[in-house]
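Going from the sequence shown to the UniProt record's numbering is simple: count from 1 and add 131.
Every residue, glycine too, gets a C-beta built ideally from N, C-alpha and C.
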Amino acid sequence: EGVSAEPTSENFCGGFRVSHVSIAKANRKNSHTRKLINNAIMSNDFLKKLEPQHMREMVDCMYEKVYTEGQLVIQEGEAGNYLYVLAEGLLEVIQNGKMLGEMRPGTAFGELAILYNCKRTATVKAVSQSHIWALDRQTFQTIMMQTTQARHEEYFSFLRSVSLLRELPEEKLAKIVDCLEVDHFEKGEYIIREGEEGNTFFIIAKGEVKVTQSTEGIPEPQEINTLGVGDYFGEKALISCSCFCPLPFDYRNFNQMVGTYEELQAYLKEYVEELSRSDER
Ligand code: CMP
Numbered sequence: 132e133g134v135s136a137e138p139t140s141e142n143f144c145g146g147f148r149v150s151h152v153s154i155a156k157a158n159r160k161n162s163h164t165r166k167l168i169n170n171a172i173m174s175n176d177f178l179k180k181l182e183p184q185h186m187r188e189m190v191d192c193m194y195e196k197v198y199t200e201g202q203l204v205i206q207e208g209e210a211g212n213y214l215y216v217l218a219e220g221l222l223e224v225i226q227n228g229k230m231l232g233e234m235r236p237g238t239a240f241g242e243l244a245i246l247y248n249c250k251r252t253a254t255v256k257a258v259s260q261s262h263i264w265a266l267d268r269q270t271f272q273t274i275m276m277q278t279t280q281a282r283h284e285e286y287f288s289f290l291r292s293v294s295l296l297r298e299l300p301e302e303k304l305a306k307i308v309d310c311l312e313v314d315h316f317e318k319g320e321y322i323i324r325e326g327e328e329g330n331t332f333f334i335i336a337k338g339e340v341k342v343t344q345s346t347e348g349i350p351e352p353q354e355i356n357t358l359g360v361g362d363y364f365g366e367k368a369l370i371s372c373s374c375f376c377p378l379p380f381d382y383r384n385f386n387q388m389v390g391t392y393e394e395l396q397a398y399l400k401e402y403v404e405e406l407s408r409s410d411e412r
């Protein structure tokens with residue numbers, strides 16, 4: 132009685148505070164296990180938006196636990212200390228004494244209390260002996276914070292190197308960083324097409340982009356430029372369209388976060404008009 136389903140130790144290394152890097156080394160996994168955990172996380176609606184780097188570190192830091200038949204993994208109403216992925220066995224989910232469903236291998240669960248800092252919304256019980264990978268809350272939060280910070284620093288210094296944004300005040304650049312999204316394009320894939328309405332502004336983070344343009348009387352579009360890292364395109368979208376989206380991002384989101392969208396747009400508009408003038412010369 133009164134025994135909680137989840138241990139309260141801060142992480143799985145005997146309760147010692149250790150860095151998640153050392154936890155990762157102690158918990159090396161084979162590729163089958165990594166794939167299973169990865170797929171489980173990607174199929175969870177609440178976790179699938181995590182960045183690949185978060186995902187990798189989480190997989191690295193997960194620790195295996197074995198539950199016997201009938202044992203509780205999670206108890207409804209308790210505080211949540213771990214996020215789990217079922218590798219082997221069968222679990223059932225119970226809420227208010229009512230069975231809600233079963234969980235089979237390849238399922239991530241226990242994410243709600245960890246992500247939203249709420250009490251466990253349901254009980255999870257082992258129907259048969261089950262092997263479960265677990266990640267403690269503290270390690271999860273440390274990974275999220277560290278990788279977010281590393282990403283922020285990396286994007287910030289990259290954007291600073293882009294000529295268009297060089298003069299932008301630091302706090303504005305930092306806020307743009309928060310809204311950036313990275314998009315990947317395969318070799319040969321079109322990013323934007325001539326003649327289409329443009330609503331996205333792109334900066335090249337990696338790779339090379341060919342720019343082509345049609346000329347009257349010539350059947351095939353001709354190559355007019357090659358752009359590389361730090362170059363940008365689609366900047367005319369910034370003046371012709373009400374939507375401003377570096378590395379496609381949502382203008383509403385940007386406006387909410389920065390609150391000074393008009394100011395930034397005015398700055399960029401001036402810059403782009405200057406560019407157009409020099410194009411015409
Ligand atoms: P959490 O609330 O942290 O702990 C209990 C977990 O059970 C919960 O996260 C979900 O992962 C999972 N869960 C909650 N409700 C359901 C449901 N209706 N069906 C399947 N799984 C559920």
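Residue range 162-173 is occupied by the alpha helix (DSSP H) that includes ASN169, with no beta strand (DSSP E) assigned at that position. Secondary structure remark: continuous beta strand (DSSP E) runs of at least 3 residues inside the region 296-353, in chain order: 340-344. Per the C-alpha coordinates, the member of GLU347, TYR321, THR164 positioned closest to ARG187 is THR164.
In this structure, LEU304 lies away from ILE263, with their beta-carbon atoms at least 8 Å apart.
Burial is judged here by how many other beta carbons sit within 10 angstroms of a residue's own beta carbon; PHE316 has fewer than 16 and is exposed.
In the three-state scheme derived from DSSP, where H, G and I count as helix and E and B as strand, LEU181 is classed as coil. With respect to the 8 Å criterion, GLY329 and GLY365 are classified as neighbours on the basis of their beta carbons. Going by DSSP, GLU207 is part of no beta strand (DSSP E) at all; its letter is neither H nor E.
Here LEU243 is not near MET234, since their CB atoms are 8 Å or more apart.
Judged by DSSP in its simplified three-state form, GLN226 adopts strand.
By the beta-carbon neighbour count (other beta carbons within 10 angstroms, threshold 16), ILE172 is buried.
The secondary-structure analysis by DSSP pairs ASP267 across a beta bridge with TYR213. For the set GLU137, GLU312, THR331, SER294, the Cα lying nearest the Cα of LEU203 is the one of GLU137. Per the coordinates, the alpha-carbon of THR273 lies some 37 Å from the alpha-carbon of GLU320.
Between ASN227 and ILE335, the alpha-carbon positions lie close to 52 Å from each other. Per the coordinates, the alpha-carbon of ASP314 lies some 9 Å from the alpha-carbon of PHE333.
One Cα belongs to TYR198, the other to ILE205, and the distance between them is close to 11 Å. Taking 7 Å as the cut-off, one finds at least one heavy atom of the ligand CMP near enough to the beta carbon of LEU243. Between TYR215 and PHE177 the beta-carbon gap is near 13 Å, outside 8 Å, which marks them as no contact.
At a Cβ-Cβ threshold of 8 Å, GLU200 and THR252 do not count as neighbours. Per the C-alpha coordinates, the member of MET189, MET230, VAL342 positioned closest to ALA265 is MET189.
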